[in-house]
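Worksheet for the structure shown next.
Chains as they are written, first to last, in this note's numbering: chain A, 1260 to 1373; chain B, 17 to 131.
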């Protein structure tokens, strides 16, 4: 099955700096890669996603890059703000028996220091 | 964006009782919903896939008689934790997929505490 590794597990940055979270996956059939932000006591919220036919996608301060050959993808947050503090999960998804099977990374706790 | 509503957000129950958690898709019809369990500081673990009008598909190691799933309509799936024990205490989260797309939308989660 798919295996998604995520690094680092914790990340502290000063407000205004950039944050980068990296993930690798093992199944070359995975074709959809979403990123989720989870605040304490809440469900994950989709913040950005990318399909395997695209190498990069940007949405304001958030960007995601994908390297299919190397099987890794990264989340980039620029000009970080205290409200960006949360746990971020990457995921890899592929078609499986008529629906998408999603495998989550282990999560990164981001702390933005004011 | 799509909204998935989950209730209750928090429940405390006595050992041996059953607890029902509801997951609703508010602005779309979801033929498939997913139930996850999350322990503190850990990732989401898929428990089962809920299919409207048919039996749920459980992941390996998840007791289907313990965690009853019902997906009676295109907008509602329920998870019932039967004869709850303290080790069932956890954060339970549902999700639903926007029809025809890969995007998953999550509910707000339910913190279950079994005394």
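C-beta: ideal position from N, C-alpha, C; glycine also.
Task: Neighbour flag for residue 1311 of chain A against chain B, beta carbons, 7 Å - done: The count along the first chain starts at 1 and reaches residue 1311 of chain A at position 52. Judged by the 7 Å Cβ criterion, residue 1311 of chain A is not in contact with chain B.
Task: Where the stretch 1320-1339 of chain A meets chain B: residues whose CB sits under 7 Å from a CB there - done: none
Open item on the list: When you compare the stretch 96-110 of chain B with the stretch 1335-1343 of chain A, are there three or more beta-carbon pairs, one atom per stretch, that lie closer than 8 Å?
Closed with: no
TODO: Give every residue of the same chain whose Cβ lies closer than 7 Å to the Cβ of residue 1278 of chain A, excluding the five residues on either side of it in the sequence, and list them in chain order.
DONE: Looking up residue 1278 of chain A in the first chain gives position 19. Excluding positions up to five away in sequence, the list reads 1270, 1272, 1336, 1339 and 1369.
Open item on the list: Measuring only the C-alpha atoms, how far is residue 1295 of chain A from residue 1345 of chain A?
Closed with: By one-based count along the first chain, residue 1295 of chain A stands at place 36. By one-based count along the first chain, residue 1345 of chain A stands at place 86. Rounded to the nearest angstrom, the two C-alpha atoms are 10 Å apart.
TODO: Going by CA-CA distance only, name the one from B:58, B:106, B:42 and B:44 that's closest to residue 1268 of chain A.
DONE: Taking the first chain and counting its residues from 1, the one referred to as residue 1268 of chain A is at position 9. Considering only alpha carbons, the answer is B:58.
Open item on the list: Report the CB separation of residue 1328 of chain A from residue 1315 of chain A in whole angstroms; it is logged as a contact under 8 Å.
Closed with: Within the first chain, numbered from 1, the residue matching residue 1328 of chain A stands at position 69. Within the first chain, numbered from 1, the residue matching residue 1315 of chain A stands at position 56. At roughly 14 Å, the Cβ-Cβ gap does not stay under 8 Å, so residue 1328 of chain A and residue 1315 of chain A are not in contact.
Open item on the list: To be precise: take each residue of the stretch 30-44 of chain B, compare its Cβ to all Cβ atoms of chain A, and keep it if any distance is under 7 Å. Which residues remain?
Closed with: none
Task: residue 86 of chain B to residue 93 of chain B span [Cα, whole Å] - done: Residue 86 of chain B sits at position 70 when you count from the first residue of the second chain. Residue 93 of chain B sits at position 77 when you count from the first residue of the second chain. Approximately 6 Å between the Cα atoms of the pair.
Task: Under 9 Å (Cβ pairs) to chain B, residues found in the stretch 1285-1304 of chain A - done: 1290, 1291, 1293, 1295, 1297, 1300, 1301, 1302, 1303 and 1304
- [ ] Quick one: residues in its chain with C-beta nearer than 6 Å to the C-beta of residue 42 of chain B, no 5 flanking neighbours on either side, listed in chain order?
- [x] In the second chain, residue 42 of chain B corresponds to position 26, counting from 1. Excluding residues within five positions, the ones whose Cβ falls inside 6 Å are 19 and 21.
Open item on the list: Using 7 Å as the threshold, is the C-beta distance between residue 129 of chain B and residue 37 of chain B below it?
Closed with: Here residue 129 of chain B is taken as the residue at index 113 of the second chain, counted from 1. Here residue 37 of chain B is taken as the residue at index 21 of the second chain, counted from 1. Contact: no.
Open item on the list: Within 7 Å of any Cβ in chain B, is that where the Cβ of residue 1283 of chain A sits?
Closed with: Here residue 1283 of chain A corresponds to residue number 24 of the first chain, with the count starting at 1. Not an interface residue.
Task: Near-chain B residues of the stretch 1338-1369 of chain A - C-beta to any C-beta below 7 Å - done: 1348, 1352, 1358, 1359, 1361, 1363, 1364, 1365 and 1366
Task: Under 8 Å by beta carbon: chain B residues contacting residue 1308 of chain A - done: Locating residue 1308 of chain A in the first chain gives position 49, counting from the first residue. Ordered by position in chain B, the residues that pass the 8 Å Cβ test against residue 1308 of chain A are 118 and 119.
- [ ] Residues of the stretch 87-115 of chain B with a CB closer than 9 Å to any CB of chain A: list them in chain order, please.
- [x] 107, 109, 110, 111 and 113
Task: Three-state class that DSSP yields for residue 43 of chain B in the structure shown - done: Position 27 of the second chain, counting from 1, holds the residue named residue 43 of chain B. It is coil, neither helix nor strand.
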